[in-house]
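Below you'll find the structure, written out as structure tokens, and then a few comments.
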Amino acid sequence: MNQKKSQSPIDRIWNLFASVTLAIILIAALAITSIVGTVIEQNAGYAKNIEVISRLLPDAIAPSAAPVVYRVLEAMGFMDMYHSWWFIALLAMFSLNLLVCSVDRLPRILKLVTDPMIPLKENVLRNLGVKRDLAVKARHEDVRDVVAATLKSAGFRPQVSKEEDGSVQIFGHKGAYSRLAVYVVHGSILLIFVGAIIGLIFGFKGGLNLPEGSSSDVVYQFGSGKEIPLGFSVKCEWYETQYYGSSFQPKLFRSQLVVLEDGQEVEGTRKWIRVNDPLVYKGVTFYQSSYGPVPNPTDGQFVFEVQYPGSGKEPATLWLRMNQPYRIPGTDIDATVLDFSPALTNDRATGKLITFDSSMLSPAARVRFTRDGQEVVRTGWIWERWPDETKANLPGGVSLIFKHYWGKQYTGLQVRKDPGVWLVYLGCTLMSLALFVAFFVSHRKIWIRVGPDRESVPLLLGATAHRNKHSFEKDVDRLVKQITSRFEGGA
Amino acid sequence: MASSDFFNISTFAYIMAMFAYLAYLAFRKNGVGYVATGITALGFVSQTIAIFVRWHESYLQWMRFSPESSLLLGISRSAPLRNLYESLVFFIWSMIIIYLVVEYVYKNRSLGAFVTPVAGLALAFIEMSGMSKDISPLVPALQSNWLIAHVLISFFGYGAFGVSFATANMHLIITTSDRKAPSHIFWALTFGFFLSALLAMAWKIGISPDMSNASVIWIVILAGLLLAGLALLFDEGLKKVLSYFSLSPDMLDDITYKSIAIGFPLLSLGIITGAIWADSAWGTYWSWDPKETWSLITWFVYALYLHSRFMRGWRGRKTAILSLIGFISVIFTYLGVNLLLSGLHSYGAG
């Protein structure tokens, strides 16, 4: 108590933040408040969370109590709690705690790591955590050399010290650095926080919906909707969803993007992006995030492939506009797109063709084929997802496959710039390595006193490990065996 | 044989192994012990084959839909770690392998009588619950090389924490004699709530998926209290059974710590790989979604365990209680978040 009174306020604050008690309180507080944030749906709005709260309350009081509970929780910041002032304050105190308690303990630990080892008195040696007492029949010098060599090959970097009674002490240590691993873990957490803060200050997170064929030099910040200039343009050339077989289970969402500077394509930036494989340009990353229909595309074009089976001719690509006849290359037939459906199917009940969804689940185009204004084959639908079954077979062995309604969809991009992310990754890497060192490497010290030459040479071994004592004892026994086995044969 | 035949063999083997381990505890004959380990190993091999057969089936499916894939890509995209069913199977598999390692290292078969029935019953539960076992192709978000690393690491971590849960609970049972001692009541409650939570989740997945979350919570509370009461009433019996196991409190404390020492770095790596994956898929490495947050809460609980042990010198009961809380948090991270809360992960889809 006396000691506490004499402390200056700065000392007192320092000691508070260096204490394990504060660390335990802060960790517990972070854990408990975080639980609330997973029950209340964050940023989900009034209706959603009234529902959540009502479900957790007994039915009788829910209608009247839920709004009250909501208001109380909202006032306390729980509706967006991970960004509330008090949660940020908890995180800040946690960081300060980590920093101060590490700095506070580091000098002592560094001393343990760097202090040179000294030979021990026999009574101290006999009181160490691990001790072995044995004797070998051999010459003192031979035993000494074998002990030193064994410790050396086990990585202990032995030193030798002569004692008065003709005995020598051989001692060494290894794994001293592992005492620092815990502080590297602490440091790596701080590094991750620093990286996150740099990302928040100097980076942005935004979104961008780009219809096929269009480009943009700005993105829109999440939350605020603020325009953020990119300094270059990004263009969407193509967007498509692929499905597994005939199901409606998506297999792939992908967009072909390209970066434009001053209206010119930048070489090497054309890329098909998909979920888990974004495009990165000048520190800005474009992620495939969503997609959707463009209601009335002004420049929509129907893409067809013309095949000439058996003729050896390469397939040709046709780009058609609605209601405009176009000559199919290699023939005297004109094709005209009359109608389009994003999701066309045969209704089982009526047998009629119907559009069953507004999204592009099964796009189809209705095409008329004419020669000199006369219909040559029946006007009909061609499905994008069923080329073999629905392609148009024209006279002369030519067939037409519907590939895509270009311009009808936009790709939803998530756009991110985060100059701090490499620090976060560095922190993660350091933490992983340091955790394994902290748990599985220990600072091991060993002293072996080789007695003077008599009938047999007595060996007194003492050793300590600051962690994993059991496995270290096994290692020590292995060392002892290595040493004694050298003499059994020759003695 | 189809993968389900091999799964059935392993279910049967794990349940038979439980009887063999109990017989070993009763008669203490080494021969019986070898038989118990042998049956467990047989079940494990069979389960491993089942997993690989399923892997091969989904590989063929993947290649049918994406014939342009390379062999390696096909193998990694068809790893059977995609839905609740496959993750539960893998969880059981990793629990058994961790147990076999512990048995080998500690030369002690006592835990086997605990672990094998959990594995056998969990496999049987999967069978009975009728949860979807379809081999469904991967949704785009899961098509990442991080999937395998993330899931493998996380589940080995969960398995290690599972071992620490079992040993911490046994520690509390054998070290408390006063029926009114807080730690005594605590282990009974944990035991009760843990069992009832598992049962309620099983009920919700298997029998009535439409049940509201409020009723799940009420069932957990009531059944938990009931089971805790039963555990308290029959604690003498439990203690007697455990006394056969020749387990010392120190050894249990040591295994609890060692399992956490393995689990904690793995949990950290699991969170990190998850963050990197989220970053490459959505451009945000941390979004405070319930799964992420609960994994962090679990991390905090085990960090508390480690700091109270190393910095405060806590041992025995106090740390045992922390490790029980930790595992409850693990179970909530794995199952509770998906079944009771919303999130980005796919495992809850069943």
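Line order of the protein sequences matches chains L and Y. In our numbering, each number is its position in the first sequence, counted from 1, plus 10. In our numbering, each number is its position in the second sequence, counted from 1, plus 23. From the three backbone atoms N, C-alpha and C, an ideal C-beta is built for every residue, glycine too.
Residue i - DSSP class collapsed to helix/strand/coil
i	result
Q298 of chain L	strand
P313 of chain Y	helix
D287 of chain L	strand
S18 of chain L	coil
A70 of chain L	coil
W393 of chain L	strand
I238 of chain L	strand
E126 of chain Y	helix
R280 of chain L	coil
K261 of chain L	strand
Y80 of chain L	helix
R420 of chain L	In the sequence as displayed, the identity of residue 420 of chain L is Tyr instead of Arg. DSSP places Y420 of chain L in strand when its eight states are reduced to three.
R488 of chain L	helix
M334 of chain Y	coil
A353 of chain L	strand
G366 of chain Y	Low per-residue confidence applies at G366 of chain Y: pLDDT is 42, beneath 50, and the placement is therefore not dependable, though the value from the model is reported in the following sentence. DSSP places G366 of chain Y in coil when its eight states are reduced to three.
Proximity test, Cβ basis, 8 Å: residue i and chain Y
i	result
V290 of chain L	no
K281 of chain L	no
M441 of chain L	yes
G47 of chain L	yes
K215 of chain L	yes
G255 of chain L	yes
N286 of chain L	yes
Separation of residue j from residue i, as counted between CA atoms
i	j	result
E109 of chain Y	I149 of chain Y	10 Å
Q259 of chain L	F412 of chain L	21 Å
R426 of chain L	W248 of chain L	21 Å
Q266 of chain L	A345 of chain L	28 Å
D125 of chain L	A186 of chain L	10 Å
G209 of chain L	G306 of chain Y	12 Å
M11 of chain L	L120 of chain L	Confidence in M11 of chain L is poor, its pLDDT being 43 and thus under 50, which makes the residue's placement too unreliable to answer from.
F214 of chain L	I299 of chain Y	18 Å
G366 of chain Y	Y357 of chain Y	Caution applies to G366 of chain Y, whose pLDDT of 42 falls short of 50 and renders its modelled position unreliable; the model cannot decide the point.
T295 of chain L	A158 of chain L	58 Å
L262 of chain L	R331 of chain L	27 Å
F178 of chain Y	A172 of chain Y	10 Å
F29 of chain Y	F75 of chain Y	10 Å
R475 of chain L	M127 of chain L	Going by the sequence as given, residue 475 of chain L is Ala instead of Arg. Between A475 of chain L and M127 of chain L, the C-alpha separation is close to 14 Å.
L122 of chain L	Q179 of chain L	21 Å
L107 of chain Y	E91 of chain Y	28 Å
W322 of chain Y	N478 of chain L	22 Å
S442 of chain L	I238 of chain L	36 Å
V49 of chain L	I240 of chain Y	13 Å
D287 of chain L	F114 of chain Y	29 Å
L130 of chain L	I458 of chain L	10 Å
V194 of chain L	L109 of chain L	11 Å
Y308 of chain Y	A301 of chain Y	5 Å
D428 of chain L	A304 of chain Y	15 Å
Whole-number beta carbon distance between residue j and residue i, since they are thought to touch under 8 Å
i	j	result
G437 of chain L	I211 of chain L	Contact flag wrong, Cβ pair sits at about 17 Å.
R450 of chain Y	L175 of chain Y	Residue 450 of chain Y cannot be examined here, being either before or after the span of chain Y that is shown, 24 to 373.
S226 of chain L	H453 of chain L	So it is not a contact: roughly 58 Å between Cβ atoms.
A19 of chain Y	I62 of chain Y	Here chain Y comprises residues numbered 24 to 373, so residue 19 of chain Y is not present and cannot be evaluated.
L329 of chain Y	N192 of chain Y	Not a contact, Cβ separation roughly 19 Å.
Selected residue, minimal CA-CA separation from residue i, among the options
i	options	result
Q334 of chain L	L:Q311, L:A148, L:P68	L:Q311
K341 of chain Y	Y:I120, Y:L104, Y:L327	Y:L327
A183 of chain Y	Y:L146, Y:V125, Y:A145, Y:I320	Y:V125
N137 of chain L	L:E173, L:T355, L:I456	L:I456
T355 of chain L	L:Q424, L:L445, L:R378, L:R395	L:R395
L270 of chain Y	Y:Y37, Y:K130, Y:R105, Y:I38	Y:K130
I392 of chain L	L:R378, L:H183, L:T400	L:T400
K323 of chain L	L:T341, L:I493, L:Y336, L:T308	L:T341
Q70 of chain Y	Y:A142, Y:K263, Y:L95, Y:I242	Y:A142
N7 of chain Y	Y:F67, Y:S219, Y:F42, Y:L248	Because chain Y here runs from 24 to 373, residue 7 of chain Y falls outside it and cannot be looked at.
K172 of chain L	L:Q317, L:P117, L:V460	L:V460
V140 of chain L	L:T494, L:S481, L:D367	L:S481
L371 of chain L	L:G361, L:F379, L:S351	L:S351
is_contact[residue i, chain L] using C-beta, thresh 8 Å
i	result
L292 of chain Y	yes
R105 of chain Y	no
Members of the stretch 305-327 of chain Y that neighbour chain B once the beta carbon cut-off is set at 8 Å
Looking for chain B here will not work: the only protein chains present are L and Y.
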